[in-house]
Amino acid sequence: MSVESMRATADVLVIGSGAAGMYAAIEAARAGCSVLLADRSLIGRGGATVMAQMTVAVALGSQTPDHWTHHYQDTLKAGRGLCNEPLARLLCKDGPDCISEMDELGIGWARKDGRITQAMAPGHDRPRCVYVDFLNTGPAVSRTLRTAMNKTAGIRKAGDLCVVDLMRNDDEITGAVALHLGSGAPVVLSAKATIIATGGLTRLYRRNSASANMGGDGYALALRAGASLVDMEFVQFFPIGHLAPRLIGMDPIMWDPFRYKLGGRLLNGRMEEFTQNYGVAEDGKYLITRDVGSYAIIKEVAAGRGSPHGGVFLSFQHVPEADLREAFGPVIDRLAENGIDLGKMPIEVSPIAHYHMGGIAADAQMHTELPGLFAAGEAVGGANGANRLSGNAITEALVFGRRSGRSAAVYAQKIRATPDQSANARASIELISASSGRELNTADMVQTLQAAMQDDVGALRSGTGLRRALATIDRLSEELGALPPGDGKGFDMRRIDWFDLRNMLLVARVVAQAAVARTETRGAQQREDYPHLSADWELNQFVGLHDGHILLSKTSTQTRAAAS
Amino acid sequence: MTERATLRIWRGLDAKAGGWENHEVLFEPGQSVLDGLRWIRVNHDPSLAIRFSCINANACKECMIELDGKTVYACTARLEPREMTLTPLSNKKLVRDLVTEIAPPAERFTQS
């Protein structure tokens, strides 16, 4: 090999250290495998898990009798006919066990009279969402799994590793090549089994509720290696993301728990309730699902009935101060530091990119189409169909993470030795070591892409807008070129952006093309030019990359369910 | 209402051989120092290095820097209409500009 690279070897490589990745690492290590857990940020800090505010949906039946089949029916209904049923079944069936294990690990689920509290959330037929007070669910999940991981032998952890490509030996995935952010050097990570747990793609959008490292890397890695993606047009917008006044130190989706506990009222710019005009009369409760809520808010704004910053109002002014204090304790003081007094003023909210229903195609063992490659958590496509039910994301991260760790361990234990990687890794190592010498404003390019996606591939779409976004993606891809800019030393932001854009532009193109092809409105795909659900489109779109070209194919949901 | 902050930023790859850069940033009251640094990357210089992931939520705890010699999170420190001096953490190994090695030793990459 012409270029120097660093190396590491493990039975199982896990990419991404949110809940899915950490649970996968723990399970693979428990099964006797050596594990390398790589993350592009710090371990257990980036990604979406740590941002989760409150709800984890699970048929625990701790307060109200429940059974996983009820949760399953609600999940299928929310998915608007497109759920991958084996994956949805796994999520609902294994959920209670994972939640109980987290309880045993000391996460501290909120309790009343000794029983775990379960809150009501839109789309569920009964109170089903467990949580950790106050707005602490995500950080508590991360902390609990980090602690469990540190007590499990056989797991090595490495932050600041940005995976650039998977390595492939014939058909088999044999690890990955990463850019070590601290030094700028390439690293070859050899593994018998590889798990992608990189989360979703919300960074593609200007307004998003997740971390800066959620740019769809895992989808791009899988696609370039030859795996298929599914349901990529379905990006979930969270309707009531914080808009104004400026609020720092809080996640923009923080109003969700307030609505779970206290209801609240959504009002347009004229201070009138409006959700009843979109089929959901809330009457002070929290009933509207995410797809309908986002649509209703965008339509109110478009009709000139928006709030000053281009959203709608959310008001808790009718809630007594003592109730606010009881429900949110210290959070009320943090709001006060930002000049927000909920008893005296409404706040402004608008849709924000929140979660991706689509992802890597995988079976109920979390195995992708490629031998040696597994997926976990939000990176997996299909379980939630066209629209995800509130509370299913952390459940999915835990359940799919655990399952992928077990499956990868079984797979790795059948393989005797990893192959010589010199040929598999060469192209990626050379790319990491190369420099175009060009000046490129990569930060501006990211912002341009985010604007195009938000405006034209967002919660409300049209053929004209989608094609306009594709033209921007074409132009940015050309500007990006074939080689990264920068000096190649430690933490070169232009290079990091360049490798991110290489993934983001590919994934953005996939989302836009899948959205153009689906000529109907269903769940998170709302088309102005095709405003109705079409029975002909009860189909899942699969995406593959062939000779650098994106190819879409359709499969009937029913056919696939029957075959599995 | 728009105000103006001057961010005086230490930059370099070697703790002993860095330099200072001044950037004027227009901001609205309530915005964070991290908002200002992200604005500089887009509008002045994309090579400015800062470590962050959650942007706004103070959840990832990655954006620790020193503001006027005191350790802060860039995402919760607010921009003010004055000169604000930003330096990398003085008790951590420098990587570049405002980025330092803050991961626990057991969570850093080592060869095997």
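Top to bottom, those sequences are chains A and B. The opening position of the first sequence corresponds to residue 1 in our numbering, with each subsequent residue numbered one higher. The opening position of the second sequence corresponds to residue 565 in our numbering, with each subsequent residue numbered one higher. Yeah, the Cβ is synthetic: ideal placement off N, Cα and C, and Gly gets one too.
Asked                                                                                                                                                                                         : Found
To test your reading of the DSSP string, which unbroken alpha helix (DSSP H) runs of 4 or more residues are found completely within the region 419-468 of chain A?                            : 422-433 and 442-456
Residues of chain E with CB closer than 8 Å to the CB of N441/A, please, in chain order.                                                                                                      : In the displayed structure, chain E is absent; the protein chains listed are A and B.
I need the DSSP call for A482/A, collapsed to helix, strand or coil.                                                                                                                          : coil
In chain A, which residues lie with their C-beta within 7 Å of the C-beta of S676/B?                                                                                                          : A8 and T9
Which residue from D133/A, E101/A, P96/A and R126/A puts its Cα closest to that of R111/A?                                                                                                    : D133/A
Scan the region 190-257 of chain A and note each continuous beta strand (DSSP E) run of 3 residues or more that stays entirely inside, going in chain order.                                  : 235-244
Using beta carbons (cut-off 8 Å, strictly below), is L571/B in contact with chain A?                                                                                                          : no
Could you tell me whether any Cβ in chain B is nearer than 8 Å to the Cβ of I248/A?                                                                                                           : yes
Any residues in the region 484-517 of chain A with a beta carbon nearer than 8 Å to a beta carbon of chain B? Which ones, in chain order?                                                     : G486, K489, G490, F491, D492, M493, R494 and D497
Using a 10 Å radius around the Cβ and a threshold of 16 neighbouring Cβ atoms, would you call K657/B buried or exposed?                                                                       : exposed
Tell me whether L571/B is buried or exposed, calling it buried when 16 or more other Cβ atoms sit within 10 Å of its Cβ.                                                                      : buried
Compute the distance between the beta-carbons of N392/A and T49/A, then report whether it is under 8 Å.                                                                                       : no
Should S617/B be flagged as near chain A, meaning a C-beta pair shorter than 8 Å?                                                                                                             : yes
Does the Cβ of Q571/A have 16 or more other Cβ atoms within 10 Å, making it buried, or fewer, making it exposed?                                                                              : The shown model of chain A, from 1 to 564, leaves out residue 571/A, and the question about it has no answer.
Can a CB atom of chain A be found closer than 8 Å to the CB of L577/B?                                                                                                                        : yes
If you follow the beta strand (DSSP E) that H180/A is in, where does it begin and where does it stop?                                                                                         : E172 to H180
Which residue wins for smallest C-alpha separation from H67/A, given the options G372/A, H124/A, Q365/A and V35/A?                                                                            : H124/A
For C98/A and R30/A, what's the separation of their Cα atoms in angstroms?                                                                                                                    : 15 Å
Under a three-way DSSP split, which group does P186/A fall into?                                                                                                                              : strand
From the DSSP output, in three-state form, read off N169/A for me.                                                                                                                            : strand
Would the beta-carbon of G463/A fall within 8 Å of that of Y355/A?                                                                                                                            : no
Could you check whether A24/A and R128/A sit closer than 8 Å to each other, using their CB atoms as the reference points?                                                                     : no
By Cβ distance below 7 Å, which residues in the same chain neighbour A197/A in space, the five residues on each side in sequence not counted?                                                 : V14, I15, G16, G18, A20, G21, A24, A376, G377, A379 and G401
Measuring CB atoms only, is the region 654-673 of chain B touching the region 239-256 of chain A, in the sense that at least three cross pairs come out at less than 8 Å?                     : no
Could you give the first and the last residue of the continuous beta strand (DSSP E) run that contains D536/A?                                                                                : Counting along the chain, D536/A falls outside any beta strand (DSSP E), and DSSP gives it neither H nor E.
Tell me where the beta strand (DSSP E) around A353/A begins and ends.                                                                                                                         : I347 to H356
Can you list the residues of chain A that E567/B reaches, using a CB-CB cut of under 9 Å?                                                                                                     : None at all; the shortest Cβ gap to chain A is about 13 Å.
Tell me the residue span of the alpha helix (DSSP H) that contains K77/A.                                                                                                                     : W68 to A78
In the DSSP assignment, the beta strand (DSSP E) including G583/B goes from what residue to what residue?                                                                                     : G583 to F591
Could you please give the first and the last residue of the uninterrupted beta strand (DSSP E) stretch that includes D11/A?                                                                   : M6 to I15
Specify whether the region 225-242 of chain A and the region 339-356 of chain A touch according to this definition: at least 3 beta carbon pairs, one from each stretch, less than 8 Å apart. : yes
Using 8 Å as the threshold, is the C-beta distance between E638/B and M493/A below it?                                                                                                        : What sits at residue 638/B in the sequence shown is Ala, not Glu. Taking 8 Å as the Cβ cut-off, A638/B and M493/A do not qualify as a contacting pair.
Which of the three DSSP states is assigned to E272/A in this structure?                                                                                                                       : coil
Could you compute how far the alpha carbon of T395/A sits from the alpha carbon of G46/A?                                                                                                     : 18 Å
Is A423/A buried or exposed, if buried means 16 or more other CB atoms sit within 10 Å of its CB?                                                                                             : exposed
Could you check whether the Cβ of V12/A sits closer than 8 Å to any Cβ belonging to chain B?                                                                                                  : no
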